[in-house]
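Engineer: Structure incoming, see below.
Residue numbers (the UniProt record's numbering): 1 to 136.
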């Protein structure tokens with residue numbers, strides 16, 4: 001059977017980790033190749049970003065990805081950390097790596113864009129991959 005490539009963006013919330021449980025519920029380890037990604041948005045003040053903030057953000061992001069890898073024990077998992085705008089980076093990564101499916105969790109806010117999240121809404125609008133939105 002052909003391996004399905006799945007991209008799973010996580011942000012550190014318990015909600016975002018539900019995507020991993022969903023994948024484990026419907027896919028066998030031998031059927032999927034999973035990339036778990038974390039994007040840290042940088043804030044620049046007067047054109048300057050704080051280097052300590054960058055280092056601690058990357059450390060936190062990489063630790064988060066390692067925790068996610070443990071959840072997916074037994075699966076073929078790649079980890080990807082980057083800085084940028086989450087929606088842009090998710091769309092770019094999915095395109096560059098030919099990921100067929102992007103699995104994201106919905107927001108807890110009200111209204112359509114809020115309900116699925118502004119980042120998820122952006123990804124839906126700009127990707128050619130299938131997007132699966134997981135309820136809490």
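Ideal Cβ positions, reconstructed from N, Cα and C, are used throughout, including at glycine.
Could you check the C-alpha separation between residue 128 and residue 122 for me, to the nearest Å?
Structural biologist: Locating residue 128 in the chain shown gives position 128, counting from the first residue. Locating residue 122 in the chain shown gives position 122, counting from the first residue. For residue 128 and residue 122, the distance between alpha carbons rounds to 12 Å.
Engineer: Report the option in 131, 81, 97 whose CA atom is closest to the CA atom of residue 42.
Structural biologist: Counting from one through the chain shown, the residue named residue 42 turns up at place 42. When the alpha-carbon of residue 42 is set against those of 131, 81, 97, the nearest one is in 81.
Engineer: What are the partner residues of residue 40, as DSSP defines its beta bridges?
Structural biologist: The sequence position of residue 40 within the chain shown is 40, counting from 1. Looking at the DSSP assignment, residue 40 forms a beta bridge with 83.
Engineer: Name the residue from 130, 131, 28 whose alpha carbon lies nearest to the alpha carbon of residue 77.
Structural biologist: Sequence index remark: in the chain shown, residue 77 carries index 77 (1-based). The candidate whose alpha carbon is nearest that of residue 77 is 28.
Engineer: 8 Å is my cut-off, CB to CB: does residue 22 come that close to chain C?
Structural biologist: Of the protein chains in this structure there is only one, and it is not chain C.
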